[in-house]
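Trainee: In this note's numbering, the protein residues as written are 11 to 261. Every residue, glycine too, gets a C-beta built ideally from N, C-alpha and C.
The structure is reproduced here in structure tokens:
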């Protein structure tokens, strides 16, 4: 991270525990190592020697997830980006989308599945973004899960953690999910359909920000394929990629 990027998250990290041995490695070096893994796609054991030991980096990564650190940083950075763009700190509308990715051999069989539409075995990512394409909610599951089913936990998490009650979606989320969101979550799920007679690529208004966000995410090589044993680790990797994107945007 550059100095400008580091200034945006340095104050968001939890303070060291009182007592005990002082921290041996600078926190910035640990964060840089995590972002190196996310950006380059290397394994933890292949971290260059310039970084702290991979065991230390991985321990900090897992401990941060136990403390819900990435979600806290993500929420703070999103507010800062929205303010810099002249928006309200909290969004009022969201956009939901899904992305299927192939799974590596390290992904266990109980958390992967066959996507009949894309015709490969892997996992599926559900994200909800604001209208600027900034991530609000992330959920990872097996690729065999239909969009209408996988969207329910994502929308429930959105309802519990944000004030967003209006969500845009594509035709894959149409059907009973719309009524479920209205009845259970009191959230309006508006389906934005393709123009009639569309041929080839057409930029669909109001729905493209979430697709652009997927492009931002897959620019990080660790996310080009799913390598994680635990879906929660995949969600953490996505949040770290979003943090990297937003700090660059603020800097």
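Under the three-state reduction of DSSP, which class applies to residue 214: helix, strand or coil?
Mentor: Here residue 214 sits in coil by DSSP.
Trainee: Taking C-alpha atoms, which residue in 20, 239, 244, 126 lies nearest to residue 230?
Mentor: Answer by Cα proximity: 244.
Trainee: Tell me the rounded alpha-carbon separation between residue 239 and residue 62.
Mentor: The alpha-carbon atoms of residue 239 and residue 62 are separated by roughly 23 angstroms.
Trainee: Are there 16 or more other CB atoms within 10 angstroms of the CB of residue 69, so buried, or fewer, so exposed?
Mentor: So residue 69 counts as exposed.
Trainee: Under the three-state reduction of DSSP, which class applies to residue 131: helix, strand or coil?
Mentor: Residue state, collapsed to three classes: strand.
Trainee: Expressed to the nearest angstrom, what Euclidean distance is found between the alpha-carbon atoms of residue 74 and residue 174?
Mentor: Near 26 angstroms, if we compare the C-alpha coordinates of residue 174 and residue 74.
Trainee: Kindly indicate the opening and closing residues of the alpha helix (DSSP H) around residue 199.
Mentor: Where residue 199 is concerned, there is no enclosing alpha helix (DSSP H), although the beta strand (DSSP E) it sits in stretches over 198-201.
Trainee: Considering only C-alpha positions, which residue in the set 71, 181, 80 is nearest to residue 199?
Mentor: Measuring from the Cα of residue 199, the nearest candidate turns out to be 181.
Trainee: What is the residue span of the beta strand (DSSP E) that residue 152 lies within?
Mentor: Residue 152 -> beta strand (DSSP E) spans 145-152.
Trainee: Output needed for residue 12: all residues of its chain with C-beta closer than 8 angstroms, excluding positions within five of it in sequence on either side, in chain order.
Mentor: Correct list, in chain order: 261.
Trainee: Quick one: using the 10 Å Cβ neighbour count with 16 as the cut-off for buried, is residue 241 buried or exposed?
Mentor: Its Cβ being crowded by 16 or more others within 10 Å, residue 241 is buried.
Trainee: From 203, 146, 163, pick the residue whose C-alpha is nearest to that of residue 89; which is it?
Mentor: Closest option to residue 89, Cα to Cα, is 146.
Trainee: Should residue 105 and residue 178 be called a contact, given that it needs their Cβ atoms to be closer than 9 angstroms?
Mentor: It is a contact, given that the beta carbons lie within the stated cut-off.
Trainee: In this structure, how does DSSP classify residue 60 when only helix, strand and coil are distinguished?
Mentor: Coil at residue 60, not helix or strand.
Trainee: Under the assumption that residue 121 contacts residue 152 (Cβ atoms under 8 angstroms), give the Cβ distance between them as a whole number of angstroms.
Mentor: Between residue 152 and residue 121 the Cβ distance is about 6 angstroms, and since that is below 8 angstroms, they are a contact.
Trainee: Bridge partners for residue 123 per DSSP, in chain order?
Mentor: Answer by DSSP bridge pairing, in chain order: 132.
Trainee: According to the Cβ coordinates, are residue 161 and residue 236 closer than 9 angstroms?
Mentor: No, the Cβ-Cβ distance between residue 161 and residue 236 is not below 9 angstroms.
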